[in-house]
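In our numbering, the protein residues as written are 2 to 368.
By construction, the Cβ of each residue, glycine as well, lies at the ideal position given by its N, Cα and C atoms.
It should be emphasised that the depicted structure is a prediction, and the values quoted were computed from it without experimental measurement.
Structure, as structure tokens:
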């Protein structure tokens, strides 16, 4: 293997290790991990590079990285467990648990519509600072009381940060715990955190990004719904290096985990963590068409993107990707959980070359 690459691959998956090394050599990776878990066992478990370019600290197998919106898929799994336990149903109205959510004609909006970005609450209407993201209870209440940008269910548009606060508000009312508490108690075995506990700071990778790069660069000539989603407030890609971001609980964006932890969770999700009926309901396409915020075609399920090619050739694959290049998905047909985490932020909203290299090599190995 390349000197930057550590870990193991099962026989036949050597090309994946080569692709992982290529990303360091040709695509600018600084530190990263990639893992594929099948039937509870890793068939690919790779890591390499440096976690902190300033100190030269190496990336370890258990290095934690902020995976941005890859967090959303983990939240989708958490909500599926709530459904599995009979505490709620995807077709229930949000307002049946949270009466204040019914304001401005949102009373019939369902949990499935919320998780598939259809409720029209893409973000805050009034200008806010980053401090608004550090109070999840207030953020959820403010969003729930707001007028939607469209009639819920009439279209979908990526609720980039807002959907996490709304799901957290729903969680508190259904389960009694916040999403952070749920992660800490139910996903501890996967070493997945919402926000970073103080005792885990030493394992955290330092993010690296191009200069003058922010979330508002993802889409240009913003509509009001896009402005609310992507630029109110604009997000600095280096926020995960700050104590405020690390200590906050932002269920859409500040999950900290290793690729191995996320891959194992996705693998469990398609291998008995929930019943086939719950898995089918969670991954059913709830909206298919042009996303009103991202401006690209999307197939939204309940907290996940259904595959349109980014997650290999399988139509049934589903997952979520994060700003800068992280991603995670499950391939139910192959019983795989797959995840990639890194610290060098890329600028491609779709088609990050590192992602393409890894997924191409993975499916070539499985052919």
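Let's see if you can read the secondary structure: which residues bound the alpha helix (DSSP H) around residue i?
i           : result
residue 189 : First-last for residue 189: undefined, no H or E at that position.
residue 248 : 244-248
residue 39  : That residue, residue 39, is in no alpha helix (DSSP H); its beta strand (DSSP E) goes 32-39.
residue 157 : From DSSP, residue 157 is part of no alpha helix (DSSP H); its letter is neither H nor E.
residue 251 : That residue, residue 251, is in no alpha helix (DSSP H); it is neither H nor E in DSSP.
residue 166 : 163-175
residue 16  : 15-27
residue 123 : First-last for residue 123: undefined, no H or E at that position.
residue 133 : No alpha helix (DSSP H) contains residue 133, which DSSP labels as neither H nor E.
residue 138 : 137-145
residue 178 : Counting along the chain, residue 178 falls outside any alpha helix (DSSP H), and DSSP gives it neither H nor E.
residue 364 : 354-367
residue 235 : Careful: residue 235 lies outside any alpha helix (DSSP H) and carries neither H nor E.
residue 279 : 277-284
On the DSSP bridge assignment, give the partners of residue i in chain order.
i           : result
residue 289 : 300
residue 67  : 257
residue 111 : 94
residue 369 : Any property of residue 369 remains undetermined from this structure, which presents the chain solely from 2 to 368.
residue 195 : 256
residue 307 : 319
residue 209 : 345
residue 46  : 9, 36
When we look at the beta-carbon of residue i and count the other beta-carbons within 10 Å, is it buried (16 or more) or exposed?
i           : result
residue 277 : exposed
residue 358 : buried
residue 64  : buried
residue 9   : exposed
residue 299 : buried
residue 203 : exposed
residue 194 : buried
residue 130 : exposed
residue 244 : exposed
residue 208 : buried
residue 70  : buried
residue 189 : exposed
residue 42  : exposed
residue 360 : buried
residue 322 : buried
residue 291 : exposed
Note down the Cα distance separating residue i from residue j, rounded to an integer number of angstroms.
i           : j           : result
residue 304 : residue 364 : 24 Å
residue 197 : residue 341 : 19 Å
residue 238 : residue 35  : 21 Å
residue 184 : residue 47  : 24 Å
residue 301 : residue 160 : 12 Å
residue 138 : residue 170 : 7 Å
residue 297 : residue 14  : 32 Å
residue 150 : residue 121 : 5 Å
residue 178 : residue 172 : 6 Å
residue 384 : residue 66  : The structure shown does not extend to residue 384, since the chain spans only 2 to 368, so no value can be given for it.
residue 163 : residue 141 : 8 Å
residue 270 : residue 280 : 8 Å
residue 55  : residue 353 : 25 Å
residue 347 : residue 259 : 18 Å
residue 3   : residue 21  : Unreliable positioning characterises residue 3 in this predicted model, as indicated by a pLDDT of 48, which lies under 50. The coordinate reading is nonetheless provided below. Going by the C-alpha atoms only, they are around 9 Å apart.
residue 144 : residue 317 : 32 Å
residue 212 : residue 241 : 15 Å
residue 19  : residue 73  : 29 Å
residue 93  : residue 286 : 17 Å
residue 289 : residue 319 : 14 Å
residue 134 : residue 233 : 10 Å
May I ask which residues mark the beginning and end of the beta strand (DSSP E) holding residue i?
i           : result
residue 341 : 337-343
residue 8   : 6-10
residue 320 : 319-322
residue 329 : 328-332
Do we get a CB-CB distance below 7 Å when we pair residue i with the residues of chain C?
i           : result
residue 249 : Among the chains of the structure shown, chain C does not appear; only one protein chain is present.
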